[in-house]
Amino acid sequence: MKDQPTGEEWFRDVDWSRSRAFAVGLGGIYLNVAGREAKGIVPSTEAQALKGEIIAKLRALEDPESGAQAIRDVYDTKDIYRGPYADEGPDLIVGFARGYRVSWTSVTGAVAPCVFEDNVKSWSGDHCLNPPDVPGIFFCNRKIQADKVSIMDVGPTVLDLFGVPVPAQCDGRSLMPQPSAEGGNRI
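In terms of the working numbering, the sequence shown opens at residue 1 and continues consecutively.
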């Protein structure tokens with residue numbers, strides 16, 4: 001970080017010549033890879049090792065006041081995203097422990113003065129959760145064929161209902177039973 005943060009524009013306070021990674025948004029971490037980022041310094045041959053280093057350090061991060069783990073898990077996006085736009089997202093996704101999240105200012109690229117700070121705003125909902133910790137329930141007024149349902153199945157199911165082919169790169173599957181030989185309206 002440069003000497004005095006101003007927060008006037010995104011990333012203004014970042015010293016890119018020394019920054020191997022940066023965070024923006026709700027838990028996304030991007031490596032400052034040479035040839036990919038405008039001021040990248042990390043050779044692509046070192047990217048995987050840097051990911052491992054960041055993952056290990058974040059998993060070990062404890063709140064100094066409570067001793068609680070702040071991070072539930074960190075996900076390498078190469079393991080969870082696929083498709084034609086996967087490379088446009090962050091390199092890592094942080095799954096925060098309950099009660100922790102990215103700061104309000106760092107969502108837009110500002111550099112907070114401390115690692116932990118108290119939340120002084122009320123939360124009415126959030127997107128900074130560890131996905132496996134978020135329970136869900138599925139309601140449907142149609143017969144489905146599935147023992148387990150994933151949110152990834154919603155898109156393919158809707159496409160199938162309307163007779164639209166599901167793209168090959170689409171995650172999930174249709175939950176609708178296969179149409180009978182007579183066909184018929186699926187809606």
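All residues carry an ideal CB built from backbone N, CA and C; glycine is no exception.
Query raised in the report: For A49 versus L61, is the C-beta spacing smaller than 8 Å?
Result: Residue 49 sits at position 49 when you count from the first residue of the sequence shown. Residue 61 sits at position 61 when you count from the first residue of the sequence shown. Cβ distance not < 8 Å, so A49 and L61 don't count as in contact.
**Report entry** Close Cβ partners of T108 (< 8 Å) along its chain, the five nearest in sequence each way excluded
**Finding:** Translated into positions along the sequence shown, residue 108 becomes position 108. Within the same chain, T108 has close Cβ partners W10, V24.
Query raised in the report: Does the beta-carbon of V42 have 16 or more other beta-carbons within 10 angstroms, so that it is buried, or is it exposed?
Result: Position 42 of the sequence shown, counted from the first residue, corresponds to residue 42. Buried.
Report task. Give me the Cα-Cα distance between N119 and T105, rounded to the nearest whole angstrom. Result -> By 1-based counting over the sequence shown, the position of residue 119 is 119. By 1-based counting over the sequence shown, the position of residue 105 is 105. Straight-line Cα distance between these residues: approximately 11 Å.
Requested in this report: Answer with buried or exposed for A56, where buried requires no fewer than 16 other C-beta atoms within 10 angstroms of its C-beta.
Outcome: In the sequence shown, residue 56 corresponds to position 56, counting from 1. Counting Cβ neighbours within 10 Å, A56 comes out exposed, since fewer than 16 surround it.
**Report entry** Cut-off 8 Å between Cβ atoms - residues of its own chain near Y81, not counting five sequence neighbours on either side
**Finding:** Position 81 of the sequence shown, counting from 1, holds the residue named residue 81. Excluding residues within five positions, the ones whose Cβ falls inside 8 Å are G89.
Requested in this report: Classify L175 as helix, strand or coil using the three-state DSSP reduction.
Outcome: Taking the first residue of the sequence shown as position 1, residue 175 is located at position 175. L175: coil per DSSP, three-state reduction.
Query raised in the report: What do you reckon, are the CB atoms on V94 and G27 nearer than 8 Å?
Result: Translated into the one-based positions of the sequence shown, residue 94 becomes position 94. Translated into the one-based positions of the sequence shown, residue 27 becomes position 27. Yes.
**Report entry** Among K143, A21, D63, G172, the one whose alpha carbon lies nearest that of E46
**Finding:** By 1-based counting over the sequence shown, the position of residue 46 is 46. Of the listed residues, the one whose Cα sits closest to E46 is A21.
Query - Exposure label - N141; buried when at least 16 CB within 10 Å - result: In the sequence shown, residue 141 corresponds to position 141, counting from 1. Result: exposed.
Requested in this report: Take the Cβ of Y85 as the centre, count every other Cβ of all protein chains shown within 10 Å, and call the residue buried at 16 or more, exposed below.
Outcome: As a working note, residue 85 is residue 85 in the sequence shown. Exposed: under 16 other Cβ atoms inside 10 Å.
Query raised in the report: Looking at C-alpha atoms only, which residue of V102, G67, Y100, D91 is the closest neighbour of Y30?
Result: On the sequence shown, position 30 is the one that residue 30 refers to. It is D91.
Query - Span separating the alpha-carbon of A110 from that of L159 - result: For the purposes of this step, residue 110 is identified with residue 110 of the sequence shown, where counting begins at 1. For the purposes of this step, residue 159 is identified with residue 159 of the sequence shown, where counting begins at 1. Approximately 40 Å, taken between the alpha carbons.
Query raised in the report: Quick one: complete beta strand (DSSP E) runs, 3+ long, within the region 92 to 162?
Result: 92 to 96
Query raised in the report: For Q69, which of helix, strand or coil comes out of DSSP?
Result: The residue you call residue 69 lines up with position 69 of the sequence shown. Strand at Q69.
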